[in-house]
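For reference, the structure is listed below as structure tokens.
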Amino acid sequence: MALESQIKSAPTPVILIVEPYGGSIRQQNPNLPMVFWDDAALTRGDGIFETLLIRDGHACNVRRHGERFKASAALLGLPEPILEDWEKATQMGIESWYSHPNAGEASCTWTLSRGRSSTGLASGWLTITPVSSDKLAQREHGVSVMTSSRGYSIDTGLPGIGKATRGELSKVEQTPAPWLTVGAKTLAYAANMAALRYAKANGFDDVIFIDGNRVLEGATSTVVSFKGDKIRTPSPGGDILPGTTQAALFAHATEQGWRCKEKDLSVDDLFGADSVWLVSSVRGPVRVTRLDGHKLRKPDNEKEIKALITKALG
Numbered sequence: 604m605a606l607e608s609q610i611k612s613a614p615t616p617v618i619l620i621v622e623p624y625g626g627s628i629r630q631q632n633p634n635l636p637m638v639f640w641d642d643a644a645l646t647r648g649d650g651i652f653e654t655l656l657i658r659d660g661h662a663c664n665v666r667r668h669g670e671r672f673k674a675s676a677a678l679l680g681l682p683e684p685i686l687e688d689w690e691k692a693t694q695m696g697i698e699s700w701y702s703h704p705n706a707g708e709a710s711c712t713w714t715l716s717r718g719r720s721s722t723g724l725a726s727g728w729l730t731i732t733p734v735s736s737d738k739l740a741q742r743e744h745g746v747s748v749m750t751s752s753r754g755y756s757i758d759t760g761l762p763g764i765g766k767a768t769r770g771e772l773s774k775v776e777q778t779p780a781p782w783l784t785v786g787a788k789t790l791a792y793a794a795n796m797a798a799l800r801y802a803k804a805n806g807f808d809d810v811i812f813i814d815g816n817r818v819l820e821g822a823t824s825t826v827v828s829f830k831g832d833k834i835r836t837p838s839p840g841g842d843i844l845p846g847t848t849q850a851a852l853f854a855h856a857t858e859q860g861w862r863c864k865e866k867d868l869s870v871d872d873l874f875g876a877d878s879v880w881l882v883s884s885v886r887g888p889v890r891v892t893r894l895d896g897h898k899l900r901k902p903d904n905e906k907e908i909k910a911l912i913t914k915a916l917g
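The sequence shown begins at 604 in the working numbering and counts up by one.
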């Protein structure tokens, strides 16, 4: 009941229109239409997005989200986002959100679309909405997860996207198939959402995609395992989207003395770990309690790990 009350009493969504080429940032009435019928975001899913956590009056992990936003835009040939404008719009949205007396944690989504076919101009907007009760419950109780193939396999060899997310490159490196958008955080999430619906219809909460025995990623998250003082995650790039939360975790955890490494992980590695987590920007750290119906270990330091990941987000 407490979680339901938190969501029901939350403010109405905040929407701001962000001109991709610079210029105006204006607030939009959430009860009025804002996207044209011929916008490529609707007709083709042709665009990119980033979702940030809003907590205690500020946006978390903004720099890494901004770098990935720019890298995704480069992969799709979209106008380079003016990050100063997106950050300004985010702050404007936060101020509007927290003007409501019951405002709490929120999800802030940046969307950049190729825009209207009739004008050829990109379009952009930002939304702030409450964190859902499902996400809050999963943070607290963990999730039961099934493994599944994506149904396809593509090896594009995209080292640049991972480096760009970490701020090591200003441009995405050339790839063997440069027209592919694998590695960008695009609006085309229909397959991931279908996988989640299938999982829930079969008694699971979430999905971890695998390629044979190789672990890839969650449907909307990054897989992280803990064993002793070691933290591991599958190497990003190619068929694995670089995770902003995982990058923040590794940076912070390394400072705290943890031994962090990106490397190939197998399903057996997950079963052998002290604990397995799905990490993402808004849902945060969520422990995998069961994998393919098998109960996973509950670590003695669960609270410490949650605090570590939460602190990493800022």
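Even glycine gets a Cβ: it sits at the ideal position worked out from N, Cα and C.
Treat the numbers as computed from the prediction; the structure is a model and nothing was measured.
- Taking the C-beta atoms as reference points, Ala793 is found no nearer than 8 Å to Leu678.
- For Glu622 and Thr847, the gap between their C-alpha atoms comes out near 25 Å.
- Under DSSP, the beta-bridge partners assigned to Gln631 are Ile618.
- Distance from the CA of Thr913 to the CA of Ala854, rounded to the nearest whole angstrom, comes to 13 Å.
- Boundaries for Ile843: no beta strand (DSSP E) harbours it, and the DSSP string shows neither H nor E there.
- Within the same chain, Gln741, Arg742, Gly745, Val746, Trp880 and Leu881 come within 7 Å of Val889 by CB-CB distance, once the 5 residues on both sides are set aside.
- Bounds of any beta strand (DSSP E) do not take in Met637, whose DSSP letter is neither H nor E.
- In this chain, the beta strand (DSSP E) harbouring Asp814 covers Asp809 to Asp814.
- The Cβ atoms of Ala692 and Trp700 do not sit closer than 8 Å to each other.
- In this structure Gly896 is exposed. Its beta-carbon is surrounded by fewer than 16 other beta-carbon atoms within 10 angstroms.
- In this structure, Ile651 keeps its C-beta atom at 8 Å or more from the C-beta atom of Ile697.
- DSSP lists Trp713 as the beta-bridge partner residues of Glu653.
- Three or more Cβ pairs closer than 8 Å define a contact, and the segment 827 to 834 meets that threshold against the segment 850 to 866.
- Pairing Ser884 with Asn664 gives a Cβ-Cβ distance under 8 Å.
- For the 8 Å CB-CB criterion, Val818 and Val870 form a contact.
- Contact between Val617 and Ile731 is confirmed by a C-beta separation of about 4 Å, below the 8 Å threshold.
- Between the alpha carbons of Glu690 and Ile628 lies a distance of about 11 Å.
- Shown here for Glu653: same chain residues with a beta carbon closer than 6 Å to its own, the five before and five after excluded, namely His668, Phe672 and Trp713 in chain order.
- If only uninterrupted beta strand (DSSP E) runs of at least 3 residues are considered, those enclosed by the segment 719 to 760 are 726 to 733 and 746 to 752.
- The beta carbons of Ala643 and Arg717 sit about 4 Å from each other, so the pair counts as a contact at 8 Å.
- In this structure, DSSP gives Leu790 a state outside helix and strand, which the three-state scheme calls coil.
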